[in-house]
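See below for the structure under consideration.
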Amino acid sequence: MPVLTRLIPSPVVVDINAGALDDLAGLLADQRISASGKLAIAISGGSGARLRERLAPALPGAEWYEVGGGTLDEAIKLADAMKKGHYDAVVGLGGGKIIDCAKFAAARIGLPLVAVATNLSHDGLCSPVATLDNDAGRGSYGVPNPIAVVIDLDIIREAPVRFVRSGIGDAISNISAVADWELSHRETGEAIDGLAAAMARQAGEAVLRHPGGVGEDAFLQVLAEGLVLTGISMSVAGDSRPASGACHEINHALDILYPKRAASHGEQCGLAAAFATHLRGDKETRDLMVEVLRRHGLPVTPGEIGFTDEEFVAAVEYAPKTRPGRYTILEHLDLSTDQIRDAYADYAQAIGS
36 MPVLTRLIPS
46 PVVVDINAGA
56 LDDLAGLLAD
66 QRISASGKLA
76 IAISGGSGAR
86 LRERLAPALP
96 GAEWYEVGGG
106 TLDEAIKLAD
116 AMKKGHYDAV
126 VGLGGGKIID
136 CAKFAAARIG
146 LPLVAVATNL
156 SHDGLCSPVA
166 TLDNDAGRGS
176 YGVPNPIAVV
186 IDLDIIREAP
196 VRFVRSGIGD
206 AISNISAVAD
216 WELSHRETGE
226 AIDGLAAAMA
236 RQAGEAVLRH
246 PGGVGEDAFL
256 QVLAEGLVLT
266 GISMSVAGDS
276 RPASGACHEI
286 NHALDILYPK
296 RAASHGEQCG
306 LAAAFATHLR
316 GDKETRDLMV
326 EVLRRHGLPV
336 TPGEIGFTDE
346 EFVAAVEYAP
356 KTRPGRYTIL
366 EHLDLSTDQI
376 RDAYADYAQA
386 IGS
(Lines of atoms letter the chains of each structure in order from A; the text may use other names.)
(Lines give C-alpha, C1' and ligand atoms only; values in the text may rest on other atoms or scores of the structure.)
Protein backbone atom coordinates (compact mmCIF):
# COMPACT_ATOMS: atom_id res chain seq x y z
CA MET A 36 0.00 0.00 0.00
CA PRO A 37 1.50 3.40 -0.94
CA VAL A 38 2.20 5.89 1.81
CA LEU A 39 0.98 9.31 0.74
CA THR A 40 2.42 12.40 2.39
CA ARG A 41 2.50 16.12 1.74
CA LEU A 42 5.17 18.72 2.26
CA ILE A 43 4.19 21.49 4.64
CA PRO A 44 5.63 24.95 3.99
CA SER A 45 7.15 26.03 7.27
CA PRO A 46 10.24 27.80 8.61
CA VAL A 47 13.52 25.91 8.70
CA VAL A 48 14.01 27.13 12.25
CA VAL A 49 11.75 28.56 14.95
CA ASP A 50 13.66 29.90 17.96
CA ILE A 51 11.46 31.15 20.81
CA ASN A 52 13.21 31.76 24.11
CA ALA A 53 14.70 34.39 26.36
CA GLY A 54 17.94 35.68 24.83
CA ALA A 55 17.21 34.31 21.34
CA LEU A 56 18.74 37.40 19.72
CA ASP A 57 22.09 36.98 21.46
CA ASP A 58 23.47 34.76 18.68
CA LEU A 59 21.40 35.67 15.63
CA ALA A 60 24.46 35.55 13.35
CA GLY A 61 25.43 32.11 14.64
CA LEU A 62 21.91 30.76 14.19
CA LEU A 63 21.73 31.95 10.58
CA ALA A 64 25.16 30.49 9.82
CA ASP A 65 24.41 27.15 11.50
CA GLN A 66 21.18 26.82 9.53
CA ARG A 67 23.00 27.72 6.29
CA ILE A 68 20.73 30.71 5.77
CA SER A 69 23.61 33.18 5.76
CA ALA A 70 27.10 31.88 6.35
CA SER A 71 28.63 35.08 4.94
CA GLY A 72 26.62 37.44 7.12
CA LYS A 73 25.48 39.42 4.07
CA LEU A 74 22.03 40.44 5.26
CA ALA A 75 19.58 43.18 4.40
CA ILE A 76 17.88 44.12 7.67
CA ALA A 77 14.65 46.15 7.73
CA ILE A 78 13.98 48.01 10.97
CA SER A 79 11.76 50.71 12.37
CA GLY A 80 13.01 54.06 13.52
CA GLY A 81 12.10 53.30 17.15
CA SER A 82 12.80 49.95 18.80
CA GLY A 83 14.54 48.72 15.65
CA ALA A 84 17.09 51.53 15.78
CA ARG A 85 17.91 50.67 19.39
CA LEU A 86 18.30 47.00 18.54
CA ARG A 87 20.60 47.93 15.68
CA GLU A 88 23.06 49.43 18.14
CA ARG A 89 23.02 46.17 20.08
CA LEU A 90 23.24 43.78 17.12
CA ALA A 91 25.40 45.63 14.60
CA PRO A 92 28.79 44.62 16.10
CA ALA A 93 27.92 40.93 15.64
CA LEU A 94 26.62 41.50 12.09
CA PRO A 95 29.40 43.44 10.34
CA GLY A 96 28.30 42.30 6.89
CA ALA A 97 24.72 43.50 7.26
CA GLU A 98 23.16 46.57 5.70
CA TRP A 99 20.34 48.28 7.55
CA TYR A 100 17.21 49.80 6.04
CA GLU A 101 14.84 51.97 8.02
CA VAL A 102 11.16 51.47 7.13
CA GLY A 103 8.70 54.28 7.77
CA GLY A 104 5.44 52.31 7.94
CA GLY A 105 3.39 49.39 6.73
CA THR A 106 2.38 50.63 3.29
CA LEU A 107 2.65 49.08 -0.15
CA ASP A 108 4.68 52.08 -1.32
CA GLU A 109 7.15 51.59 1.55
CA ALA A 110 7.48 47.88 0.74
CA ILE A 111 8.15 48.55 -2.95
CA LYS A 112 10.65 51.27 -2.04
CA LEU A 113 12.38 48.84 0.33
CA ALA A 114 12.59 46.16 -2.36
CA ASP A 115 14.04 48.62 -4.87
CA ALA A 116 16.70 49.68 -2.38
CA MET A 117 17.60 46.10 -1.42
CA LYS A 118 17.86 44.73 -4.96
CA LYS A 119 21.01 46.77 -5.52
CA GLY A 120 22.90 44.67 -2.96
CA HIS A 121 24.00 41.04 -2.94
CA TYR A 122 22.47 39.43 0.12
CA ASP A 123 21.86 35.94 1.42
CA ALA A 124 18.56 36.86 3.08
CA VAL A 125 16.30 39.68 4.22
CA VAL A 126 15.68 40.14 7.95
CA GLY A 127 12.53 41.86 9.15
CA LEU A 128 13.30 43.10 12.66
CA GLY A 129 10.34 44.70 14.42
CA GLY A 130 6.58 44.53 14.74
CA GLY A 131 3.95 43.47 12.24
CA LYS A 132 4.27 46.45 9.89
CA ILE A 133 8.04 46.06 9.55
CA ILE A 134 7.86 42.30 9.06
CA ASP A 135 5.08 42.62 6.47
CA CYS A 136 7.11 45.20 4.52
CA ALA A 137 10.14 42.93 4.70
CA LYS A 138 8.06 39.90 3.60
CA PHE A 139 6.82 41.72 0.52
CA ALA A 140 10.26 43.11 -0.33
CA ALA A 141 11.94 39.73 0.09
CA ALA A 142 9.38 38.07 -2.18
CA ARG A 143 9.79 40.82 -4.77
CA ILE A 144 13.56 40.37 -5.01
CA GLY A 145 13.56 36.59 -4.58
CA LEU A 146 15.31 36.26 -1.22
CA PRO A 147 14.34 34.27 1.87
CA LEU A 148 12.97 36.17 4.84
CA VAL A 149 13.98 35.86 8.48
CA ALA A 150 11.24 37.24 10.77
CA VAL A 151 12.58 38.61 14.06
CA ALA A 152 9.53 39.72 16.02
CA THR A 153 9.79 42.40 18.70
CA ASN A 154 6.16 42.04 19.75
CA LEU A 155 3.37 39.44 19.60
CA SER A 156 0.51 41.59 18.34
CA HIS A 157 -0.89 39.19 15.71
CA ASP A 158 -0.39 35.96 13.79
CA GLY A 159 1.14 37.58 10.69
CA LEU A 160 4.74 37.04 11.76
CA CYS A 161 4.80 33.53 10.24
CA SER A 162 1.96 33.70 7.74
CA PRO A 163 2.18 33.57 3.91
CA VAL A 164 0.51 36.97 3.73
CA ALA A 165 1.78 40.55 3.88
CA THR A 166 -0.88 43.05 4.95
CA LEU A 167 -0.08 46.51 3.64
CA ASP A 168 -1.95 49.79 3.37
CA ASN A 169 -2.55 51.03 -0.16
CA ASP A 170 -4.50 53.79 -1.91
CA ALA A 171 -7.69 51.70 -1.72
CA GLY A 172 -7.34 50.99 2.00
CA ARG A 173 -5.61 47.80 3.10
CA GLY A 174 -4.60 44.82 0.98
CA SER A 175 -3.35 41.29 1.60
CA TYR A 176 -0.52 40.05 -0.61
CA GLY A 177 0.61 36.43 -0.94
CA VAL A 178 4.26 35.86 -0.05
CA PRO A 179 6.41 32.85 0.89
CA ASN A 180 6.62 31.81 4.54
CA PRO A 181 9.62 33.10 6.50
CA ILE A 182 12.57 30.72 6.33
CA ALA A 183 13.23 31.39 10.03
CA VAL A 184 11.35 32.92 12.95
CA VAL A 185 13.21 34.31 15.96
CA ILE A 186 11.33 35.55 19.03
CA ASP A 187 13.34 36.78 22.00
CA LEU A 188 11.07 36.74 25.06
CA ASP A 189 13.30 39.34 26.76
CA ILE A 190 12.50 41.73 23.91
CA ILE A 191 8.81 40.82 23.96
CA ARG A 192 8.59 41.73 27.66
CA GLU A 193 10.05 45.18 26.91
CA ALA A 194 7.29 46.00 24.40
CA PRO A 195 4.10 47.75 25.58
CA VAL A 196 1.70 45.21 27.08
CA ARG A 197 -1.02 46.22 24.62
CA PHE A 198 0.86 44.31 21.91
CA VAL A 199 0.71 41.08 23.88
CA ARG A 200 -2.99 41.64 24.57
CA SER A 201 -3.60 42.12 20.86
CA GLY A 202 -1.89 38.82 20.11
CA ILE A 203 -4.06 37.08 22.68
CA GLY A 204 -7.23 38.32 20.99
CA ASP A 205 -6.00 37.27 17.57
CA ALA A 206 -5.02 33.78 18.78
CA ILE A 207 -8.29 33.17 20.61
CA SER A 208 -10.27 34.23 17.53
CA ASN A 209 -8.94 31.10 15.78
CA ILE A 210 -11.52 29.07 17.69
CA SER A 211 -14.36 31.09 16.20
CA ALA A 212 -12.77 31.08 12.73
CA VAL A 213 -12.47 27.29 12.66
CA ALA A 214 -16.07 26.95 13.87
CA ASP A 215 -17.12 29.12 10.91
CA TRP A 216 -15.10 26.95 8.53
CA GLU A 217 -16.79 23.83 9.87
CA LEU A 218 -20.19 25.53 9.53
CA SER A 219 -19.44 26.32 5.89
CA HIS A 220 -18.36 22.72 5.31
CA ARG A 221 -21.70 21.45 6.65
CA GLU A 222 -23.88 24.02 4.93
CA THR A 223 -22.17 24.68 1.61
CA GLY A 224 -19.87 21.71 1.13
CA GLU A 225 -16.75 23.90 1.28
CA ALA A 226 -13.67 21.70 1.59
CA ILE A 227 -12.02 21.81 5.00
CA ASP A 228 -8.38 20.93 5.62
CA GLY A 229 -8.38 18.93 8.84
CA LEU A 230 -4.69 19.51 9.55
CA ALA A 231 -4.90 23.27 9.09
CA ALA A 232 -8.06 23.43 11.20
CA ALA A 233 -6.49 21.34 13.97
CA MET A 234 -3.36 23.48 14.07
CA ALA A 235 -5.28 26.76 14.23
CA ARG A 236 -7.80 25.52 16.79
CA GLN A 237 -5.19 24.01 19.10
CA ALA A 238 -3.13 27.21 18.92
CA GLY A 239 -6.18 29.17 20.07
CA GLU A 240 -7.16 26.66 22.73
CA ALA A 241 -3.64 26.65 24.20
CA VAL A 242 -3.81 30.41 24.73
CA LEU A 243 -7.42 30.36 25.89
CA ARG A 244 -6.80 27.73 28.56
CA HIS A 245 -3.36 28.77 29.82
CA PRO A 246 -3.60 30.06 33.41
CA GLY A 247 -0.65 32.45 33.13
CA GLY A 248 -0.50 36.18 32.56
CA VAL A 249 1.03 38.60 30.07
CA GLY A 250 4.20 39.10 32.12
CA GLU A 251 5.11 35.43 32.46
CA ASP A 252 7.56 33.70 30.14
CA ALA A 253 5.58 30.45 30.21
CA PHE A 254 2.49 32.24 28.89
CA LEU A 255 4.45 34.30 26.35
CA GLN A 256 6.03 31.09 25.06
CA VAL A 257 2.61 29.51 24.50
CA LEU A 258 1.29 32.68 22.84
CA ALA A 259 4.32 32.95 20.55
CA GLU A 260 4.08 29.29 19.59
CA GLY A 261 0.36 29.68 18.97
CA LEU A 262 0.87 32.64 16.63
CA VAL A 263 3.58 30.77 14.71
CA LEU A 264 1.39 27.67 14.37
CA THR A 265 -1.49 29.82 13.15
CA GLY A 266 0.69 31.25 10.41
CA ILE A 267 1.74 27.76 9.35
CA SER A 268 -1.89 26.61 9.37
CA MET A 269 -2.68 29.28 6.78
CA SER A 270 0.14 27.98 4.59
CA VAL A 271 -1.22 24.45 4.93
CA ALA A 272 -4.71 25.59 3.94
CA GLY A 273 -3.51 27.84 1.15
CA ASP A 274 -5.36 30.88 2.48
CA SER A 275 -6.40 32.62 5.69
CA ARG A 276 -9.47 30.45 6.30
CA PRO A 277 -8.17 28.67 9.47
CA ALA A 278 -7.75 32.01 11.26
CA SER A 279 -10.30 34.28 9.62
CA GLY A 280 -14.07 33.99 9.92
CA ALA A 281 -16.81 36.28 11.14
CA CYS A 282 -14.35 37.58 13.75
CA HIS A 283 -12.10 39.04 11.07
CA GLU A 284 -14.99 40.18 8.89
CA ILE A 285 -16.23 42.32 11.79
CA ASN A 286 -12.68 43.51 12.46
CA HIS A 287 -12.24 44.61 8.84
CA ALA A 288 -15.64 46.33 8.90
CA LEU A 289 -14.63 48.36 11.94
CA ASP A 290 -11.39 49.35 10.17
CA ILE A 291 -13.26 50.41 7.04
CA LEU A 292 -16.19 52.21 8.65
CA TYR A 293 -14.24 53.93 11.43
CA PRO A 294 -10.59 54.13 10.24
CA LYS A 295 -9.54 56.88 12.60
CA ARG A 296 -10.96 55.16 15.69
CA ALA A 297 -10.04 51.54 15.08
CA ALA A 298 -8.54 49.71 18.04
CA SER A 299 -5.80 47.10 17.65
CA HIS A 300 -6.38 44.16 15.33
CA GLY A 301 -6.39 41.65 18.18
CA GLU A 302 -8.69 43.67 20.41
CA GLN A 303 -11.29 43.86 17.66
CA CYS A 304 -10.89 40.21 16.65
CA GLY A 305 -11.22 38.97 20.24
CA LEU A 306 -14.40 40.95 20.83
CA ALA A 307 -15.82 39.90 17.46
CA ALA A 308 -14.97 36.24 18.13
CA ALA A 309 -16.89 36.31 21.42
CA PHE A 310 -19.90 37.86 19.69
CA ALA A 311 -19.74 35.42 16.75
CA THR A 312 -19.55 32.53 19.21
CA HIS A 313 -22.68 33.92 20.88
CA LEU A 314 -24.42 33.98 17.48
CA ARG A 315 -23.56 30.31 17.00
CA GLY A 316 -25.26 29.54 20.33
CA ASP A 317 -22.10 28.15 21.95
CA LYS A 318 -22.67 29.64 25.40
CA GLU A 319 -19.92 27.66 27.14
CA THR A 320 -17.18 28.78 24.75
CA ARG A 321 -18.54 32.34 24.69
CA ASP A 322 -18.42 32.60 28.48
CA LEU A 323 -14.88 31.19 28.63
CA MET A 324 -13.71 33.59 25.91
CA VAL A 325 -15.22 36.56 27.73
CA GLU A 326 -13.69 35.46 31.04
CA VAL A 327 -10.21 35.07 29.54
CA LEU A 328 -10.37 38.27 27.50
CA ARG A 329 -11.35 40.20 30.62
CA ARG A 330 -8.60 38.54 32.66
CA HIS A 331 -6.00 39.72 30.19
CA GLY A 332 -7.45 43.23 29.96
CA LEU A 333 -9.04 42.93 26.51
CA PRO A 334 -12.41 44.42 25.55
CA VAL A 335 -15.58 42.34 25.41
CA THR A 336 -17.94 45.18 24.46
CA PRO A 337 -17.56 47.87 21.77
CA GLY A 338 -17.82 50.64 24.37
CA GLU A 339 -14.54 49.48 25.89
CA ILE A 340 -12.70 50.43 22.69
CA GLY A 341 -14.60 53.61 21.88
CA PHE A 342 -17.47 52.39 19.70
CA THR A 343 -21.17 52.81 20.41
CA ASP A 344 -23.47 49.80 20.29
CA GLU A 345 -25.05 51.19 17.13
CA GLU A 346 -21.65 51.52 15.46
CA PHE A 347 -20.88 47.92 16.31
CA VAL A 348 -24.25 46.82 14.92
CA ALA A 349 -23.46 48.71 11.69
CA ALA A 350 -20.07 46.98 11.48
CA VAL A 351 -21.63 43.54 11.94
CA GLU A 352 -24.13 44.34 9.18
CA TYR A 353 -21.35 45.53 6.85
CA ALA A 354 -18.93 42.72 7.74
CA PRO A 355 -19.90 40.13 5.05
CA LYS A 356 -19.00 42.67 2.35
CA THR A 357 -15.36 42.58 3.47
CA ARG A 358 -14.86 38.94 2.42
CA PRO A 359 -17.14 38.20 -0.56
CA GLY A 360 -17.64 34.48 -0.97
CA ARG A 361 -16.59 33.57 2.56
CA TYR A 362 -19.34 31.77 4.48
CA THR A 363 -19.51 32.37 8.23
CA ILE A 364 -22.19 32.57 10.89
CA LEU A 365 -23.00 36.07 9.60
CA GLU A 366 -23.82 34.86 6.10
CA HIS A 367 -25.60 31.83 7.53
CA LEU A 368 -27.97 33.85 9.73
CA ASP A 369 -28.28 36.80 7.32
CA LEU A 370 -29.62 39.01 10.10
CA SER A 371 -31.41 42.30 9.54
CA THR A 372 -30.27 45.45 11.33
CA ASP A 373 -32.93 45.00 14.01
CA GLN A 374 -32.01 41.34 14.46
CA ILE A 375 -28.33 42.23 14.88
CA ARG A 376 -29.31 44.89 17.41
CA ASP A 377 -31.37 42.33 19.35
CA ALA A 378 -28.58 39.74 19.16
CA TYR A 379 -26.06 42.22 20.54
CA ALA A 380 -28.44 43.17 23.37
CA ASP A 381 -28.75 39.46 24.21
CA TYR A 382 -24.96 39.12 24.15
CA ALA A 383 -24.43 42.13 26.41
CA GLN A 384 -26.99 40.82 28.87
CA ALA A 385 -25.51 37.31 28.82
CA ILE A 386 -21.98 38.51 29.66
CA GLY A 387 -23.21 40.89 32.33
CA SER A 388 -22.43 44.21 30.66
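Per my numbering, residue 36 is the first one in the sequence shown, and the count goes up by one each step.
Cβ atoms here follow ideal geometry from the backbone N, Cα and C, with glycine treated the same way.
Beta-carbon proximity check, residue i vs residue j, cutoff 8 Å
i: residue 255; j: residue 206; result: no
i: residue 331; j: residue 385; result: no
i: residue 360; j: residue 296; result: no
i: residue 78; j: residue 98; result: no
i: residue 287; j: residue 156; result: no
i: residue 390; j: residue 90; result: As displayed, the chain neither begins before 36 nor continues past 388, which places residue 390 out of reach and without an answer.
i: residue 281; j: residue 365; result: yes
i: residue 213; j: residue 163; result: no
i: residue 54; j: residue 189; result: yes
i: residue 210; j: residue 262; result: no
i: residue 50; j: residue 173; result: no
i: residue 308; j: residue 388; result: no
i: residue 379; j: residue 322; result: no
i: residue 45; j: residue 267; result: yes
i: residue 193; j: residue 367; result: no
i: residue 138; j: residue 120; result: no
i: residue 86; j: residue 203; result: no
i: residue 225; j: residue 362; result: yes
i: residue 158; j: residue 40; result: no
Coarse secondary structure for residue i, derived from DSSP in three states
i: residue 36; result: Because residue 36 sits at a pLDDT of 49, beneath the cut-off of 50, its placement in the model cannot be relied upon, and the point is left open.
i: residue 322; result: helix
i: residue 169; result: strand
i: residue 379; result: helix
i: residue 350; result: helix
i: residue 224; result: coil
i: residue 177; result: strand
i: residue 183; result: strand
i: residue 369; result: coil
i: residue 8; result: As displayed, the chain neither begins before 36 nor continues past 388, which places residue 8 out of reach and without an answer.
i: residue 51; result: strand
i: residue 419; result: This structure cannot settle anything about residue 419, because the visible part of the chain is limited to 36 through 388.
Cut-off 7 Å between Cβ atoms - residues of its own chain near residue i, not counting five sequence neighbours on either side
i: residue 142; result: 178 and 179
i: residue 122; result: 73, 74, 75 and 146
Same chain, Cβ closer than 8 Å to residue i, five either side skipped, listed in chain order
i: residue 47; result: 66, 68, 182 and 183
i: residue 64; result: 70 and 72
i: residue 353; result: 288, 291 and 292
i: residue 105; result: 131, 132, 133, 135, 136, 166, 167 and 168
i: residue 271; result: 43, 44, 228, 230, 231, 234 and 277
i: residue 358; result: 279, 283, 284 and 287
Sequence-distant residues of the same chain with beta carbon closer than 6 Å to residue i, five excluded per side
i: residue 152; result: 160 and 186
i: residue 114; result: 140, 143 and 144
i: residue 199; result: 155 and 249
i: residue 372; result: 352
i: residue 311; result: 211, 281, 282 and 364
i: residue 118; result: 144
i: residue 36; result: Below a pLDDT of 50, predicted positions are generally treated as unreliable, and residue 36, at 49, falls in that range; the measurement from the model is reported next regardless. Correct list: empty, nothing qualifies.
Residue i versus residue j - alpha carbon distance
i: residue 140; j: residue 133; result: 11 Å
i: residue 6; j: residue 88; result: Since the first and last residues shown for the chain are 36 and 388, residue 6 lies out of range.
i: residue 84; j: residue 303; result: 29 Å
i: residue 285; j: residue 355; result: 8 Å
i: residue 329; j: residue 335; result: 7 Å
i: residue 347; j: residue 92; result: 50 Å
i: residue 82; j: residue 306; result: 29 Å
i: residue 148; j: residue 59; result: 14 Å
i: residue 317; j: residue 324; result: 11 Å
i: residue 349; j: residue 245; result: 34 Å
Any non-hydrogen atom of the ligand NAD closer than 7 Å to residue i Cβ
i: residue 344; result: Of ligands this structure carries none, so the ligand NAD is not represented either.
* To do: Would you mind listing the beta strand (DSSP E) stretches within the region 126–155 that are 3+ residues and don't spill past its ends, in chain order?
  => 148–152
* Could I get the ranges of all uninterrupted beta strand (DSSP E) runs contained in the region 87–127, with 3 residues as the minimum, in chain order? => 98–101
* Unbroken stretches of the alpha helix (DSSP H), 4 residues or longer, contained in the region 195–250 -> 196–223 and 229–244
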